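Note that the working numbering has the sequence shown beginning at 1, numbered continuously upward. Where a beta carbon is used, it is the ideal one built from N, C-alpha and C, also for glycine. Since the model is a prediction, treat every value here as computed from it, not as a measurement. So the structure is just underneath, and the comments pick up after that.
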Amino acid sequence: MLSRTIGPVDVLVTGWLLLAIAAAVIIARLYLRLKIQNRSLIWSDSLMCAAWVVAAIATTSNVIFSELGALQPGLRMTLKGQTGTFALREHVRLLM
1 MLSRTIGPVD
11 VLVTGWLLLA
21 IAAAVIIARL
31 YLRLKIQNRS
41 LIWSDSLMCA
51 AWVVAAIATT
61 SNVIFSELGA
71 LQPGLRMTLK
81 GQTGTFALRE
91 HVRLLM
């Protein structure tokens with residue numbers, strides 16, 4: 001069996017794919033509630049939309065971390081082994 005490490009591309013593709021699926025489900029639910037059932041929105045609908053916005057922010061932050069080299073395989077939370085200057089490591093640490 002081949003073992004493969006998870007890299008930045010895998011994290012980014014998975015994040016954006018799940019975000020797109022969640023958006024499709026939310027749009028379908030809102031369409032069903034507003035157009036087909038002729039009901040008004042309830043608090044859970046706005047909570048679901050707010051959760052999607054938070055997920056979009058988290059997925060976007062993964063793009064930033066990937067550009068800064070913080071999503072490399074084998075990199076620990078202490079950023080030990082990250083290539084780059086001390087200032088870059090400190091910048092990534094502040095973003096986390």
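- Annotation for Gly15: Thr59 and Asn62 place their beta carbon closer than 6 Å to its own, counting only its chain and skipping 5 residues before and after.
- Here the C-alpha atom of Ser44 lies approximately 11 Å from the C-alpha atom of Arg29.
- A straight-line Cα-Cα distance of about 12 Å links Leu32 and Ala24.
- Setting aside the 5 residues that flank it on each side, Ala55 is surrounded in the same chain by Leu19 and Ala22, each with a C-beta closer than 7 Å to its C-beta; the list follows chain order.
- When the Cα atoms are used, Ile42 and Val53 turn out to be separated by approximately 18 Å.
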